[in-house]
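Contents: one structure, followed by commentary.
Residue numbers (our numbering): 6 to 333.
The structure is reproduced here in structure tokens:
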């Protein structure tokens, strides 16, 4: 049987997995992280082991003795999503059933369609409108089945991630560009349409706090986070502008994201095709009801927006002053 304090993190080099690994370590867990090509070593308080999430034996061996498996691994850039996502999850499920472990899955809103919008509760119907949404529904169906066969499941659903080390996301690749001074904000949403953002350290903190209470959760438990709700698409952009002006003195402009080059290139670039499929989330307001989460925890971990944006931009190395010539 699994020990009470050992957790395996799959996807620990990514945004969600990395943040979870760090916060679980700081909360006193013994953290094991699996990475392709890794040499077994202990670094920064985390035990790194080699392995591939697409290899069932690697996952089973890495999960040995673990009470929790954080399944935060995804194909990079959405590539081969339909081929890889479900086999990777199946390997995690098999390992969790063998150990009697709890699977933690970072969820998203892909599962839902127009009949569930604009405010999502945990029991909202899941009738997705996209291929990726259908895969997410199937993932949760398999997890629910696993929860009746020896594993336990915790799903925490949040909005678009942003944060200091959040990896690939709209904030760091759309609104601004990681590693570059902020010269402007390119916003993908339609004017006046609300959008849900989730600060990654808050999401990880929520998962860690729920895991501390996992003995009080049902075998298949899901929770929604309200995050940072941008009611009209201006709140996030304005926060970026305020932070950049205060830190660098630069006054940045907000412009519409140029969708047309992405749409033209999408037949030839897999990532662009996947982003095009999810464009509806920038044209439709989708918020989440966190009443169930608050009832259990007493509140939702929530960093003030300007503080969160500043930490994100700082971590992405975006708060250096832009060269004067570029501003002219």
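From the three backbone atoms N, C-alpha and C, an ideal C-beta is built for every residue, glycine too.
Worksheet entry | N- and C-terminal bounds of the beta strand (DSSP E) containing residue 2 | Since the first and last residues shown for the chain are 6 and 333, residue 2 lies out of range.
Worksheet item: Are the Cβ atoms of residue 74 and residue 101 separated by less than 8 Å?
Response: The count along the chain shown starts at 1 and reaches residue 74 at position 69. The count along the chain shown starts at 1 and reaches residue 101 at position 96. With a cutoff of 8 Å on beta-carbon distance, residue 74 and residue 101 are scored as near each other.
Discussion item. For a quick check, are the C-beta atoms of residue 43 and residue 54 less than 8 Å apart?
Written reply: As a working mapping, residue 43 is identified with position 38 in the chain shown. As a working mapping, residue 54 is identified with position 49 in the chain shown. Yes, Cβ-Cβ distance for residue 43 and residue 54 is below 8 Å.
Item to complete: Could you round the C-beta distance between residue 158 and residue 226 to whole angstroms and report it? I think they count as a contact, below 8 Å.
Response: Here the question's residue 158 lines up with position 153 in the chain shown. Here the question's residue 226 lines up with position 221 in the chain shown. Yes, residue 158 and residue 226 are in contact; Cβ-Cβ is about 7 Å, under 8 Å.
Worksheet item: Which first and last residues belong to the beta strand (DSSP E) in which residue 274 is found?
Response: For the purposes of this step, residue 274 is taken as the residue at position 269 of the chain shown. That residue, residue 274, is in no beta strand (DSSP E); it is neither H nor E in DSSP.
Practice prompt. Quick one: grab the DSSP three-state call for residue 137.
Written response: As a working mapping, residue 137 is identified with position 132 in the chain shown. Under the three-state reduction of DSSP output, residue 137 falls in the helix class.
Worksheet item: Would the stretch 196-215 and the stretch 232-240 be scored as touching if the rule is three or more Cβ pairs under 8 Å?
Response: With a cut-off of 8 Å, the stretch 232-240 and the stretch 196-215 count as touching, because enough Cβ pairs lie within range.
Worksheet entry | Limits of the unbroken alpha helix (DSSP H) element including residue 132 | By one-based count along the chain shown, residue 132 stands at place 127. Per DSSP, residue 132 belongs to no alpha helix (DSSP H) and is neither H nor E.
Worksheet entry | Start and end residues, beta strand (DSSP E) containing residue 111 | The residue you call residue 111 lines up with position 106 of the chain shown. Taken as a continuous stretch (DSSP letters only), the beta strand (DSSP E) holding residue 111 covers 107-112.
Discussion item. I'd like to know whether the C-beta atoms of residue 197 and residue 238 end up nearer to each other than 8 Å.
Written reply: The residue given as residue 197 occupies position 192 in the chain shown. The residue given as residue 238 occupies position 233 in the chain shown. Cβ distance < 8 Å, so residue 197 and residue 238 count as in contact.
Item to complete: Under 8 Å by Cβ, that's how I've got residue 140 and residue 91 pegged, so tell me the actual separation to the nearest angstrom.
Response: Looking up residue 140 in the chain shown gives position 135. Looking up residue 91 in the chain shown gives position 86. Residue 140 to residue 91, Cβ: 7 Å. Contact.
Worksheet item: Which residue from 21, 40, 68 puts its Cα closest to that of residue 56?
Response: Taking the first residue of the chain shown as position 1, residue 56 is located at position 51. Cα-wise, what sits closest to residue 56 is 40.
Practice prompt. Identify the continuous alpha helix (DSSP H) that holds residue 181 and give its terminal residues.
Written response: The count along the chain shown starts at 1 and reaches residue 181 at position 176. Per DSSP, residue 181 belongs to no alpha helix (DSSP H) and is neither H nor E.
Worksheet item: Quick one: what's got a C-beta closer than 6 Å to residue 321's C-beta in the same chain, skipping five residues either side?
Response: Numbered from 1 along the chain shown, position 316 holds the residue referred to as residue 321. Counting only Cβ-Cβ distances below 6 Å, and skipping sequence neighbours, we find 177, 183.
Worksheet item: When the Cβ atoms of the stretch 132-147 are set against those of the stretch 267-285, are three or more pairs found closer than 8 Å?
Response: Touching, yes.
Practice prompt. Measure the beta-carbon distance from residue 257 to residue 249 and round it to whole angstroms, keeping in mind my assumption that it falls under 8 Å.
Written response: As a working note, residue 257 is residue 252 in the chain shown. As a working note, residue 249 is residue 244 in the chain shown. Going by Cβ atoms, the distance from residue 257 to residue 249 rounds to 5 Å, so yes, they are a contact pair.
Fill in: Three-state secondary structure (DSSP) of residue 192
For the purposes of this step, residue 192 is taken as residue 187 along the chain shown, with counting starting at 1. It is a strand residue.
Item to complete: Within its chain, find whatever has a CB closer than 8 Å to the CB of residue 154; leave out the 5 residues flanking it on each side and keep chain order.
Response: Here residue 154 is taken as the residue at index 149 of the chain shown, counted from 1. Exclusion of the five residues before and after residue 154 leaves 102 as the residues of its chain whose Cβ lies within less than 8 Å of its Cβ.
Worksheet item: Going by other Cβ atoms of all chains shown within 10 Å of its Cβ, with 16 needed for buried, is residue 269 buried or exposed?
Response: The sequence position of residue 269 within the chain shown is 264, counting from 1. By the neighbour-count rule (16 or more Cβ atoms within 10 Å), residue 269 is not buried but exposed.
Practice prompt. Using only alpha-carbon positions, find the residue among 316, 214, 236, 228 that is nearest to residue 123.
Written response: Position 118 of the chain shown, counted from the first residue, corresponds to residue 123. With distances taken between CA atoms, residue 123 lies nearest to 236 out of 316, 214, 236, 228.
Worksheet item: What residue range is occupied by the uninterrupted beta strand (DSSP E) comprising residue 36?
Response: Within the chain shown, residue 36 is the residue found at index 31, counting from 1. Run containing residue 36: 35-40, per the beta strand (DSSP E) assignment.
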